[in-house]
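Notes follow once the structure below has been shown.
In UniProt numbering, the protein residues as written are 1 to 153.
Shown next as structure tokens:
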């Protein structure tokens with residue numbers, strides 16, 4: 001009983017940092033976008049210039065899904081998600097950035113400029129995320145898997 005309460009209280013103190021604001025997460029998306037060297041990844045891949053990039057089934061469940069089964073992602077969508085408050089934490093932004101990189105590395109060959117741009121963007125993002133990792137509430141609590149919120153269970 002008492003040992004569990006002490007552990008829970010200790011966890012609540014560590015977890016009490018709160019969330020990163022919607023504006024801060026929007027600023028993070030802007031910072032990531034500024035780190036790239038070109039306009040690649042600003043908008044979704046055009047099906048005419050990237051044949052077989054998207055799933056061929058036009059059904060609503062596969063809209064925007066790549067041939068290899070991941071969700072397509074671009075900075076325009078990330079900006080929209082940030083402005084609508086759909087990012088609960090820095091880690092959610094990081095997942096989408098890594099999705100942009102993964103999709104580019106999967107589809108574009110090693111000699112394609114977009115492959116090189118994805119690698120460069122990833123390297124720049126690692127430094128940006130390392131800096132953001134020091135912000136209270138930036139990443140979900142590993143113990144309760146909540147996005148920086150106190151455990152009230």
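Just so it is clear, CB atoms sit at the ideal spot from N, CA and C, and this is done for glycine as well.
I'd like to check one pair, residue 90 with residue 118: are the Cβ atoms closer than 9 Å? no
Between residue 64 and residue 56, is the Cβ-Cβ spacing less than 9 Å? no
Distance, Cα to Cα, residue 75 vs residue 37? 13 Å
Check residue 162 in the structure and name its three-state DSSP category. A question about residue 162 goes unanswered here, because the residues of the chain that appear run from 1 up to 153.
For residue 48 and residue 132, what's the separation of their Cα atoms in angstroms? 37 Å
Can you name, in chain order, every residue of its own chain whose Cβ lies under 8 Å from the Cβ of residue 120, other than the five neighbours on each side? 36, 37
What does the Cβ neighbour count give for residue 126, buried or exposed, with the cut at 16 atoms within 10 Å? exposed
Could you check if residue 103 is buried or exposed, using at least 16 other CB atoms within 10 Å of its CB as the buried criterion? buried
Residue 98 lies in the alpha helix (DSSP H); which residues open and close that run? 90-107
First and last residue of the alpha helix (DSSP H) that includes residue 84? Here residue 84 belongs to no alpha helix (DSSP H), and DSSP marks it neither H nor E.
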